[in-house]
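In what follows, a structure is listed as structure tokens, so that the remarks can point back to it.
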Amino acid sequence: MVLSPQDAAGALRDIEAAQARSAQLHGYARSSPQLLLWGVLWVIGYGLQDLFPAHAGAIWGAIVPIGLIAGFAALRGAGREAGWRYGAVAMTLVAFFAAAFFVLWPVSPRQSAALIPLVIATGYVIIGIWRGPRFVITGVAVAALTLAGFILLKQHFSLWMAGVGGASLILAGIWLKRV
Amino acid sequence: MAEADEIIHQQTRLKIMATLRAIPAGEWMEFTRLKAILRATDGNLGSHISTLESAGYITVNKDFVGKKPRTRVALTRSGRKAFAQHVEFLRTILEAATPAQRQ
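From first to last, the protein sequence lines stand for chains W and F. Just so we're aligned: the first sequence equals residues 1 to 179 in this note's numbering. Just so we're aligned: the second sequence equals residues 180 to 282 in this note's numbering.
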């Protein structure tokens, strides 16, 4: 089989493009269950917080561990490395928010309900800068919707986050799964 | 020196191999997903999958999810090796060429 350098260069370009696209789509698909899971948990958590604002701490104290365990279970098949990275990211976020609330205290339930999604959205934008534009769009959308609700709604901001924030994560999860 | 692999070098098969190579070893890709990624037709993709399977480069698994049939494909170990050798062959050609020949 005789190939010219141009043929070889063309084939290598095809390979590089196919691998980049495949890796990006694989990364999207791997992340999809996490967004679907946390979208549902936001609907439940923020919905309950709107109904029982005085119990926000207890609600999220139950929701977050459930989410972390379910999120870990959703990594099934992704290998051991993904497992410890997930655990490390979770612990980092928990430590960050504990430190942030300690420094900023007193923080109102409304402020904390906005701060956490904004940090998560920032994380998606940063991931997206490396891993693909769908993460960036998801992060920007969640941040914009969170800020819009925070600015426009003095009451029922949690309900906004349950409906709009949770739904945007669920929709992003569905979108990430698609080719 | 690495050698050309005529089975892999065909453009669609090259893209199939590259697409499957980009996912972690041991993971499967659904036929429908591969078809969407490559923007190929059922018949065309199926034909190239058969060729690669006959060469032992990919393995095909057919099962059911509930009542829905599912076809998945994955690279075999020999497929990974053959693909790596073919890429090496392509790079060797480029390295031996003058800058003008690479354009």
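The C-beta atom is built at its ideal place from N, Cα and C for all residues, glycine as well. Just so it is clear, the structure is predicted and the values come from calculations on it, not from any experiment.
**Q.** Contacting residues, own chain, Cβ-Cβ under 6 Å from Leu41(W) (five flanking each side not counted)
**A.** Counting from 1 along the first sequence, the entry for residue 41(W) is found at position 41. The residues are Ile63 and Gly67.
Q.
Checking 8 Å against the spacing of the C-beta atoms, do Tyr86(W) and Leu75(W) come in under that value?
A. The count along the first sequence starts at 1 and reaches residue 86(W) at position 86. The count along the first sequence starts at 1 and reaches residue 75(W) at position 75. For Tyr86(W) and Leu75(W), yes; Cβs fall inside 8 Å.
Q.
Taking only three categories from DSSP, how would you classify Ala219(F)?
A. Looking up residue 219(F) in the second sequence gives position 40. Residue state, collapsed to three classes: coil.
Q. Which residues mark the beginning and the end of the alpha helix (DSSP H) in which Val252(F) is found?
A. Counting from one through the second sequence, the residue named residue 252(F) turns up at place 73. Not the alpha helix (DSSP H): Val252(F) falls in the beta strand (DSSP E), residues Lys247 to Leu254.
Q. Which of the three DSSP states, helix, strand or coil, is assigned to Ile237(F)?
A. As a first step, residue 237(F) must be located in the second sequence, where it is residue number 58. Here Ile237(F) sits in strand by DSSP.
Q: Could you confirm whether any beta carbon from chain F is found closer than 8 Å to the beta carbon of Pro33(W)?
A: The residue labelled residue 33(W) in the question sits at position 33 within the first sequence. Output row for Pro33(W): interface = no.
(Q) Can you confirm whether Pro133(W), when its beta carbon is compared against all beta carbons of chain F, has any partner nearer than 8 Å? (A) Your numbering for residue 133(W) matches position 133 in the first sequence. Under the Cβ distance rule, Pro133(W) does not count among the residues neighbouring chain F, no pair being separated by less than 8 Å.
Q) What is the rounded straight-line gap between the Cα of Asp221(F) and the Cα of Gly57(W)? A) The residue given as residue 221(F) occupies position 42 in the second sequence. The residue given as residue 57(W) occupies position 57 in the first sequence. Distance between the alpha carbons of Asp221(F) and Gly57(W): 53 Å.
Q. Near Glu267(F), which residues of its chain fall below 7 Å by C-beta distance, leaving aside the five closest residues on each side in sequence?
A. Residue 267(F) sits at position 88 when you count from the first residue of the second sequence. The residues are Ala181.
(Q) Taking the alpha carbon of Leu145(W) as the reference point, which residue from Ala11(W), Gly128(W), Phe72(W) and Ala114(W) has its own alpha carbon closest? (A) Residue 145(W) sits at position 145 when you count from the first residue of the first sequence. Comparing Cα-Cα distances from Leu145(W) to each of Ala11(W), Gly128(W), Phe72(W) and Ala114(W), the minimum goes to Ala114(W).
Q. Which word fits Asp50(W), buried or exposed, when buried means at least 16 other C-beta atoms lie within 10 angstroms of its C-beta?
A. What you label residue 50(W) is simply residue 50 of the first sequence in a count that begins at 1. When all chains shown are included, Asp50(W) counts as buried.
Q.
Between Lys214(F) and Leu224(F), how many whole angstroms is the CB-CB distance? I'm expecting something under 8 Å.
A. By 1-based counting over the second sequence, the position of residue 214(F) is 35. By 1-based counting over the second sequence, the position of residue 224(F) is 45. Indeed they touch by this definition, with Cβ atoms about 5 Å apart.
Q | Cβ-based burial, Pro248(F) [other Cβ within 10 Å; buried from 16] | A | To locate residue 248(F), count along the second sequence from 1; it is residue 69. Classification of Pro248(F): exposed, given that the 10 Å Cβ count is below 16.
Q | 8 Å Cβ cutoff, Ala180(W) in contact with chain F | A | Because residue 180(W) is not part of the residues shown, which for chain W are 1 to 179, the question remains open.
Q. Which whole-angstrom value describes the C-beta separation of Leu231(F) and Arg192(F), a residue pair presumed to lie in contact below a C-beta threshold of 8 Å?
A. Here the question's residue 231(F) lines up with position 52 in the second sequence. Here the question's residue 192(F) lines up with position 13 in the second sequence. Confirmed, Cβ separation roughly 6 Å.
Q.
Between Leu36(W) and chain F, is the shortest Cβ-Cβ distance under 8 Å, so that the two count as touching?
A. Translated into the one-based positions of the first sequence, residue 36(W) becomes position 36. Closer than 8 Å: no.
(Q) Can you tell me whether Lys241(F) is buried or exposed? The criterion is at least 16 other CB atoms within 10 Å of its CB, across all chains shown. (A) What you label residue 241(F) is simply residue 62 of the second sequence in a count that begins at 1. With fewer than 16 other Cβ atoms within 10 Å, it is exposed.
Q. For Thr250(F), which of His227(F), Glu185(F) and Trp207(F) has the nearest alpha-carbon?
A. As a working mapping, residue 250(F) is identified with position 71 in the second sequence. If you compare the alpha carbons of His227(F), Glu185(F) and Trp207(F) with that of Thr250(F), the shortest gap goes to Trp207(F).
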